[in-house]
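*Asks:*
2 protein chains.
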Amino acid sequence: MEQRISLITLAVDTIDRSAAFYTALGWQEEQSPDGIAAFNLLGQTLGLYPKAMLARDMGLDETGIGGFSGITLAHNVPAKEDVAPLYDAALAAGARAIKPPQDVFWGGHIAYFADPDGHVWEIAWNPFSPLGPDGAFQWSGA
Amino acid sequence: MEQRISLITLAVDTIDRSAAFYTALGWQEEQSPDGIAAFNLLGQTLGLYPKAMLARDMGLDETGIGGFSGITLAHNVPAKEDVAPLYDAALAAGARAIKPPQDVFWGGHIAYFADPDGHVWEIAWNPFSPLGPDGAFQWSGA
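As you go down the protein sequences, you meet chains A and B in turn.
Heads up: the first sequence begins at 1 in our numbering, then just goes up one per residue.
Heads up: the second sequence begins at 1001 in our numbering, then just goes up one per residue.
#1: Could you check which residue in E1122(B), S1140(B), I1123(B), W1121(B) has the C-alpha nearest to that of P1130(B)?
#2: What span of residues does the alpha helix (DSSP H) with K1051(B) cover, start to end?
#3: With which residues is Y1112(B) paired in a DSSP beta bridge?
#4: Hey, F137(A) and N76(A): beta-carbon distance below 8 Å or not?
#5: Less than 8 Å between the C-beta atoms of I65(A) and A74(A), yes or no?
#6: According to DSSP, what are the bridge partners of L1048(B)?
#7: Assuming I71(A) is part of the beta strand (DSSP E), what are its boundary residues?
#8: Could you tell me whether any non-hydrogen atom of the ligand NAP is closer than 7 Å to the CB of R1056(B)?
#9: Using a cut-off of 8 Å between C-beta atoms, extract the partners of T14(A) located in chain B.
#10: Using a Cβ-Cβ cut-off of less than 9 Å, give me the residues of the stretch 64-97 of chain A that come near chain B, in sequence order.
#11: Determine the burial state of R1096(B): buried for a count of at least 16 other Cβ atoms within 10 Å of its Cβ, exposed for fewer.
#12: From what residue to what residue does the alpha helix (DSSP H) around F1021(B) run?
#13: Do L1048(B) and L1007(B) have their beta-carbon atoms positioned less than 8 Å apart in this structure?
#14: Between the C-alpha atoms of A111(A) and L1060(B), what's the straight-line distance to the nearest angstrom?
#15: Within 10 angstroms of the Cβ of D115(A), are there 16 or more other Cβ atoms? Answer buried if so, exposed if not.
#16: Helix, strand or coil: which one does DSSP assign to D88(A)?
#17: Quick check on A1038(B): buried or exposed, where buried means 16 or more other Cβ atoms within 10 Å of its Cβ?
#18: Is it right to say E81(A) is buried, meaning 16 or more other beta carbons lie within 10 angstroms of its own, or is it exposed?
#19: Beta carbon of V1012(B), beta carbon of D1103(B): below 8 Å?
#20: With a threshold of 16 other CB atoms inside 10 Å of the CB of F113(A), please say whether the residue is buried or exposed.
#21: Given a cut-off of 8 Å, decide if Q1044(B) and I1005(B) are closer than it, judged by their beta-carbon atoms.
#22: Within 10 Å of its beta-carbon, does D57(A) have 16 or more other beta-carbons around it, so buried, or fewer, so exposed?
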């Protein structure tokens, strides 16, 4: 298996509400069939997909989707002072606060919020892994 | 917020077991501090992180992490016949079967499995969104 992720799918209750959250943060939605939403990232796509359809695709009961399975999506920023404004913008767009911006023991500065469906985002400044010119992230080993 | 995800973190019970699963699929682990594991992808990193540490970072009780929150990670492949061997390799490496390779209504061919911690992967062939030369994925709109 090559080392890449093509598509990250987030199960959502209401496509319109969830798509509005990401567009409020400045993201551009792609053309998609009715009932789903897609946002192209760097070399991959984030898809919003109704919970009931994901359950059907996976052969699950819809009630089997819920809670927090321990996946977080981090959006890294170039500077420490970039964390707070993004966190504030997310809350203003309807995110649920989890952890306000703060310094962490390993030397970074981070915040956590949950999107309208409970999917967890971390906004992070990591001084040991600067972002590439296109925003690409690469682990530094630190 | 720019349209990118820097780091995807998967909470795991045992780093060694979980890292062994991904290395068995051919992935190369990066240098990391003890107790965590990192795999660089295209412009982002997949991190394995102990459930207890993620809970502490987020200010949660560890028992608050579990179940299936509805995030799936898709790995797309260039050809329909690439799906089954990857699915078989994942099961051989310790994945739990969810859905064996099959044609789906929208014209693709997919399979689902869960990694040793229950994180859900989709192996997909999507004839409408061919992969770029470096394996990058971009939503076609279909």
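Glycine residues also receive a C-beta, built at the ideal position from the N, C-alpha and C atoms.
*Replies:* The structure says:
#1: If we check each option's Cα against that of P1130(B), S1140(B) comes out closest.
#2: Residues 1051-1058.
#3: DSSP, once it has assigned bridges, lists K1099(B), E1122(B) as partnering Y1112(B).
#4: The Cβ-Cβ distance between F137(A) and N76(A) falls below 8 Å.
#5: Their beta carbons are not under 8 Å apart, which means I65(A) does not touch A74(A) by this criterion.
#6: L1010(B), A1037(B)
#7: Start and end: 71-76.
#8: Among the ligands in the structure shown, none appear at all, so the ligand NAP cannot be discussed.
#9: Within chain B, no residue comes near T14(A); the closest Cβ sits about 13 Å away, beyond 8 Å.
#10: G64, I65, G66, G67, F68, S69, G70, I71, T72, L73, A74, H75, N76, V77, L86, A89, A90
#11: exposed
#12: 1015-1024
#13: no
#14: 14 Å
#15: Classification of D115(A): buried, given that the 10 Å Cβ count is 16 or more.
#16: helix
#17: That one is buried.
#18: exposed
#19: It is not a contact, given that the beta carbons lie outside the stated cut-off.
#20: buried
#21: yes
#22: buried
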